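Written out below as structure tokens is the structure these notes cover.
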Amino acid sequence: MVQIRGLSKSFHRLQVLREIDLDVAAGEVLCILGPSGSGKSTLLRCVNHLEVPDAGSIRVAGAHVGFREKDGRLHELSPREIAHQRASTGMVFQRFNLYPHLTVTENITVAPVSRGLISKREAPARARELLARVGLNDKAMAYPSELSGGQQQRVAIARALATNPPLMLFDEPTSALDPELVGDVLEVMRSLAEDGMTMMVVTHEIGFAREVADRVAFMDEGAALEIGPPVDVLEHPQYERTRDFLARVL
């Protein structure tokens, strides 16, 4: 589903990603761990072309992300083409980014309606279907200000699912939540994994990574230091840097 080759990215003189090579198979859950500033979020943002790589390539479902290949060279897509392509990948951020003036139903369906994937008449039923999936059946007509942080994040997940994306990206989706609200969000993500959704998840929830991930990637200073099954990376890490990180967070 995802093929990353030689991905590098710098901000001014700070190199944030260093020649990342990474594959994610269809139906796989990859959890990305690492200290703050290691490049985890930038990696996800490049996969959705919210950041433009300096070097390397990214393919999702076989198609170049943000570029088209012509005469052996990559040419960046137009802003409109990028927006259309980006809409086919679901992304959930640390902050919920819901439209405060729209109801939950409107937040969930504004993208598929504007893209012509569903009609306005079909929108309420589609919203109810997705709200049931995230355990918020009774919140269709609520506004974001009437919801808890955990409920808003579950609405954000429903919104990301509304266009039927083949890939979901989660950028520390529980980091802005009170501890007591984390479990409901992780349970929704766990159910998506059980349904076979391809997921790349930046997280500090080690227990979730151990239980749900097919593979874990540990990043440090812009490099994917080690990648493997959770039991290998979390229980028997190869690198001292990984062992030190896990000792601090476990």
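FYI, my numbering numbers position 165 of the sequence shown as 509, with every residue one higher than the one before it. For glycine and all other residues, C-beta sits at the position ideal for the given N, C-alpha and C. Because the structure is a prediction, the values reported are computed rather than measured.
| query | result |
| --- | --- |
| Grab me the residues of residue 484's own chain with a C-beta within less than 8 Å of its C-beta, minus the 5 sequence neighbours each way, in chain order. | 447, 448, 449, 468, 471, 472 and 475 |
| If you check the beta carbons only, do residue 525 and residue 493 fall under 8 Å apart? | yes |
| Taking the straight line between their C-alpha atoms, what separation do you get for residue 367 and residue 390? | 14 Å |
| What would DSSP say about residue 378, mapped onto helix, strand or coil? | coil |
| Secondary structure at residue 485, three-state DSSP: helix, strand or coil? | coil |
| On the criterion of 16 or more Cβ atoms from any shown chain inside 10 Å, does residue 392 qualify as buried, or is it exposed? | buried |
| How would you write the range of the beta strand (DSSP E) that residue 520 sits in, first residue to last? | Neither: residue 520 is in no beta strand (DSSP E) and is coded neither H nor E. |
| Can you grab the Cα-Cα spacing for the pair residue 508 / residue 455, in whole Å? | 11 Å |
| List, from N- to C-terminal side, the alpha helix (DSSP H) runs of 4 residues or more that fit wholly inside the region 538-569. | 550-556 |
| Strictly by DSSP, which residues pair up with residue 418? | 413 |
| Pull up the distance between the alpha-carbon of residue 562 and that of residue 384, whole angstroms please. | 9 Å |
| Is it the case that the Cβ atoms of residue 376 and residue 436 are separated by a distance below 8 Å? | no |
| Just to check my reading of the structure: residue 409 and residue 402 have Cβ atoms closer than 8 Å, yes? What is that Cβ distance to the nearest angstrom? | 4 Å |
| Return the chain-ordered list of same chain residues with a C-beta closer than 7 Å to the C-beta of residue 570, the five sequence neighbours on each side being excluded. | 562, 577, 581, 582, 583 and 586 |
| Could you compute how far the alpha carbon of residue 466 sits from the alpha carbon of residue 513? | 26 Å |
| Work out the CA separation of residue 445 and residue 515 for me, nearest whole Å. | 24 Å |
| Please say whether residue 510 and residue 591 have beta carbons closer to each other than 8 Å? | no |
| Just to check my reading of the structure: residue 400 and residue 352 have Cβ atoms closer than 8 Å, yes? What is that Cβ distance to the nearest angstrom? | 6 Å |
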